[in-house]
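Numbering (the UniProt record's numbering), first residue to last: 1 to 488. C-beta atoms are modelled at their ideal positions from N, C-alpha and C, and glycine is treated no differently. All values reported here derive from a predicted model rather than from experimental measurement. Below: one structure, written as C-alpha cells.
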C-alpha cells in the first residue's frame, strides 16, 4: 500500500495538534501531582537540588523527634526535683518542730518521721524516669541530644543521683538514729511498828520512861544501815529519838502526843529491828517493823519512802518534765502507776510490789524526799533511771547540725533544677530552630519542584483552546483539498 501523501497545510495542522496534546499531557500531570518537576527528566538541576533539600529536612525531622523526647526526659527530671524539694522542705519543717519541743520522746518521733521522708525522696527519684532514662538516678543515665545530621552539634546532659540520700555528691542526708529504749524496775515495800512511851511528850526526856535509862544503847538495823544510839548522849528527848529514826534513809517516824506512840514506817526491803539493851539500867526491848511488798491499793505514805507533801517528778533525758505528783494521805500505788503511764514514751506495770518500767527514751523518776527507793537499787540518790540510746534529734545542737545539712541539700536541689532548666531551655530553642529550618528547606525544595496551580490551570485552558483551533484548522485544510478534488 503506497504512503498517503499529506498536503503541507494538513501536515502542519497535525503537528500543531500533536504538540498541543503533548503540552496538555504535561500540564495535566502537573495538575494531578502538584509538581512541575516529577523526575530528573523534567529538570535535572531542580530535581536533584530539591531532593537534597528534602533529604536534609527528613534527617532533621528524625532528630526533631529525639529532641522532643529529650524535652520530656528533662521535664520528668524537673518535675521530680520540684517534688523532692517539697519533701526536703517537709523534712526541714519536721526538724524545726523537733527544735521547738524539749520532750525527748517527741523528738524521737520526729526522727522517725524524718527518716520516712528520706525514703520517699529516694522512691521519688527512682520514679522520675522517662522511657528508660532517669536524670535523677546517676551513672548510666547520661542524655545526649543531637542537633544536626553529622552529630557535631550536640548537648550532653549529665545526671545526678538522688536515689540514695546519703551520697556525698548528692543530697548528703543520712538516716537518723532513732534510739533504743530501756527498761528498769523498782520495788515498793511497807512495814510499820509502834513504840509506846506512856505519859511522855515530844520534849520529855526518854529517861523519864521506865524502859529507858541514860547509857542504854538503841540499835536500829534496817536494809544496809545499822545505827547505834546512846540514851543521854545521842538522843535525850523523845523528839531526838524520832529525829534519829527519821534521819535513817528509808524510814519515817512520827510521834503522836495523843497516843504517846512513835509510829515507824519503813520502805526498805527488809524488816527493821530496833533493840535496846539495859546497859544504863533500863529494860531491854525489841521492836520489829515487818516489811512486805505493797499492794496497788496501798497508800504511798504507809511506806517509809514517802511522806505527805513529797513531790514525785518524772524527767526525760533532756531535762523535760512531762509529769509530777504531789502526795497526799490518799495517794495510792495505783495513782503512781497511772502517773507513769500517762507519760508519752513511758509504760509501767505493777505486780508483786514491783513496778516495771519500759521507756522509749531516757527517763528518771525522783522525789524531793531522799528516802524514796533507798536500799532497793543501792543508790544514795534514790532516783530510778532508765538510760536509753539517744536519737539524733535528742539535743538542739544535733537538730541544728541536721538543719544545716538540709539547707545544703536544698541548695543542691536548686542548683540541679537550674542546670536542668537551662538545658531544657537550650533543647527547646534548638527544637524551635530545627522546626523553622525544616520548613525553610521544604519551602526551598517546593519552590524548585511545586507547580503553580493557577498558572497550570490557565495553561490547560489555553491548550484546550489551541487544540480546538488546531482541529478547526485541520478540518478547513481537509475541506480545501476536497474542493480541489471535486473539480475533477
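Check: The segment 246-266 in contact with the segment 173-182 per 3-pair CB rule at 8 Å; Outcome: no
Check: Which of helix, strand or coil DSSP assigns to residue 85; Outcome: helix
Check: CB-CB length for residue 115 against residue 178, believed under 8 Å; Outcome: 7 Å
Check: Of the residues 113, 87 and 147, the one placed nearest residue 98, counting alpha carbons only; Outcome: 113
Check: The segment 124-131 / the segment 43-50 touching (three or more Cβ pairs under 8 Å); Outcome: no
Check: Contact belief for residue 272 with residue 191 at Cβ below 8 Å, rounded distance in angstroms; Outcome: 6 Å
Check: Presumed contact (8 Å Cβ cut-off) between residue 393 and residue 108, rounded CB distance; Outcome: 7 Å
Check: For residue 227, the three-state DSSP class (helix, strand or coil); Outcome: strand
Check: Spatial neighbours of residue 342 in its chain, beta-carbon cut-off 7 Å, leaving aside the 5 residues before and after; Outcome: 323
Check: Residue 326, DSSP secondary structure in three states; Outcome: strand
Check: Residue from 48, 175 and 67 whose Cα sits closest to the Cα of residue 428; Outcome: 67
Check: Cβ-based neighbour list, residue 144, same chain, cut-off 7 Å, excluding 5 preceding and 5 following; Outcome: 154 and 156
Check: Cut-off 7 Å between Cβ atoms - residues of its own chain near residue 413, not counting five sequence neighbours on either side; Outcome: 81, 84, 85 and 88
Check: Pairwise C-alpha distance: residue 396 and residue 100; Outcome: 9 Å
Check: 3 or more residues per run - each beta strand (DSSP E) lying fully within the segment 218-271; Outcome: 225-230, 251-256 and 261-266
Check: Through-space distance from residue 313 to residue 275, alpha-carbon basis; Outcome: 36 Å
Check: Given residue 265 as reference, the closest of 245, 304, 435 and 236 once Cα atoms are compared; Outcome: 304
Check: Assigned exposure category for residue 158 - 16 Cβ within 10 Å defines buried; Outcome: exposed
Check: Residue 162, DSSP secondary structure in three states; Outcome: coil
Check: Bridge partners - residue 130, DSSP secondary structure assignment; Outcome: 133
Check: Beta-ladder partner(s) of residue 143, from DSSP; Outcome: 157
Check: Sheet register partners of residue 192 (DSSP bridge); Outcome: 265 and 290
Check: One or two residues paired with residue 348 in a DSSP bridge; Outcome: 357
Check: Length of the line joining the Cα atoms of residue 104 and residue 406; Outcome: 21 Å
Check: Residue closest to residue 267, alpha-carbon to alpha-carbon, out of 302, 54 and 133; Outcome: 302
Check: Proximity to residue 165 [Cα-Cα], best of 121, 203 and 208; Outcome: 121
Check: Pair within 7 Å by beta-carbon distance, residue 348 and residue 171; Outcome: no
Check: Between the CA atoms of residue 241 and residue 200 - distance to the nearest angstrom; Outcome: 12 Å
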